[in-house]
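Note sheet for the following structure.
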Amino acid sequence: MQVIESLQDFFSSKRRRIEKPKMIVIEVPPLMQKGEYADVIAIRHPLESFTKFTNVPWVMGDNMDEAMGYGWGYSGCGPTDFALNILLHFTDHDEAVARAYAIDFREKYLRTMPRDGGRIKKEDVSHFIECMKVTRPDLLEMVRKHLELTRPVA
């Protein structure tokens, strides 16, 4: 009986020392609707690093591990699919433009984004797309031809 009492004392004293986790309120950005253009927002939960929020809807991706979702702060599958979907949204789902310029967009904006997240101005996204169309029309044309060749015949 003495042992149980001392264990009970031990556990009750431990319980008093444990602090309740702090509640963190995160303002989650609403998803942009088709035809709506706003700054791209990416947020990582400060206590749960795998929990991320963005206002860019997922439409398609070649690389994304759905459990991990979009990513930023490095050059990998998550940032590549995030870039693809940002460009899809801002080009009204022009797959050729999105595929042609996703890697360049990832390297310019997402690879360098802080781990906690960030914001990409909508004007910067639009400017990037227009600049790439002027400086790399060859890449866009090559992707358009590839997509035409790989489309199933109806």
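Following numbering that gives the first Met the number 0, the numbering of the sequence shown begins with 0 at its first residue and continues without gaps.
C-beta: ideal position from N, C-alpha, C; glycine also.
Buried/exposed call for R43, threshold 16 Cβ in 10 Å
buried
Considering only the beta carbon of each residue, do A95 and L138 sit closer than 7 Å?
no
Given this structure, state the Cα-to-Cα distance separating V55 from D93, to the nearest angstrom.
15 Å
Rounding to the nearest angstrom, what Cα-Cα distance links V162 and E35 in this structure?
Missing from the structure shown is residue 162; the chain here goes from 0 to 153 and no further.
Limits of the beta strand (DSSP E) - the one that A37 falls within
No beta strand (DSSP E) holds A37; DSSP gives it neither H nor E.
Return the chain-ordered list of same chain residues with a C-beta closer than 7 Å to the C-beta of L46, the five sequence neighbours on each side being excluded.
I23
G116 and A41 closer than 7 Å at C-beta
Contact flag set, yes.
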